[in-house]
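Structure, as structure tokens:
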Amino acid sequence: MNSCAVTDIGQLRQSNQDFVYASDRALGNLENFYIVADGMGGHQGGGFASRYAVERMTELLETDREHEAVPALNEALTTVNRELYRKAGSFDELRGMGTTIVAATVSEGILYVLNIGDSRLYLINDGIRQVTRDHSWVEEMIAQGKLVRGSELYYQKKNVITRAVGVNEWVAADFFEIELQPGDKILLCSDGLTNMVSDEEIFETVNRCETCREAVSQLIRQANANGGKDNISVVIADPERNEEEIC
3 MNSCAVTDIG QLRQSNQDFV YASDRALGNL ENFYIVADGM GGHQGGGFAS
53 RYAVERMTEL LETDREHEAV PALNEALTTV NRELYRKAGS FDELRGMGTT
103 IVAATVSEGI LYVLNIGDSR LYLINDGIRQ VTRDHSWVEE MIAQGKLVRG
153 SELYYQKKNV ITRAVGVNEW VAADFFEIEL QPGDKILLCS DGLTNMVSDE
203 EIFETVNRCE TCREAVSQLI RQANANGGKD NISVVIADPE RNEEEIC
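Per our numbering, the very first residue in the sequence shown carries number 3; after that it's consecutive.
Put into structure tokens, the structure is as follows:
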């Protein structure tokens, strides 16, 4: 595996409430681990939630020698959600905080994905495929046939999420298991990328870049050039590349 992870403040925000992590080496029982978290809840709360979620999850996964991929991810997530929820209830400055999470690990050609919120994971090869499903009001309305994708109301409500880590005492994640194909590249990102750069542009950029580092840099540059209205976080992992790459 070879990866690159970068988060950028964007053009308009005063602080960066995103947090990212990428390890091409083993973390506990996991052979590798990649995660993007997009915090919410004011200047201090959102940044605290995303950083805490990522750092605490990696800490828990590193010491978990009992569970395989999906149980390990779920166990760590459950603990992090409970701890964040309690902290939000104990400190006024953290009240209302929460964070999205999209995380992934690869083992023996299988991609395991965890998702809560509207941060996304894509597979990019001959085309681009969104693996995760946004936990958002608009996606729920579309699924019920009550909203048209691309309508005015869709864009007005697009950022209203229906699930986040730390908001409630209990939260359910979506899990996906995908058999990787030769040439697949894995992209995790916050909505600071996908609100500024279309899926087609993401696909074209990743395919024309020779390295994960180059692709991540180009995508962040594009998001900023298109307005950079939010923090921008991108992780790209290439299962077929094994050489070290400074990111």
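C-beta atoms are modelled at their ideal positions from N, C-alpha and C, and glycine is treated no differently.
The Cβ atoms of C191 and V38 lie closer than 8 Å to each other. Where E77 is concerned, the enclosing alpha helix (DSSP H) starts and stops at 71-92.
In the structure shown, K187 adopts extended strand secondary structure according to DSSP, grouped into three states. The straight-line gap separating the alpha-carbon atoms of V218 and T9 is approximately 10 Å.
In the same chain as L63, and ignoring 5 residues on each side of it, the C-beta atoms closer than 7 Å to its own belong to L29, G30, L32, F35, A74, A78, in chain order.
For M99, the closest of V169, A71, R58, T196 by C-alpha to C-alpha distance is V169.
Residue pairing by DSSP leaves A51 without any beta bridge partner. For L123, the enclosing beta strand (DSSP E) starts and ends at 122-126. C6: member of the beta strand (DSSP E) spanning 4-10, first to last residue.
Ranked by Cα distance from D176, the first of I118, V150, T102, S92 is I118.
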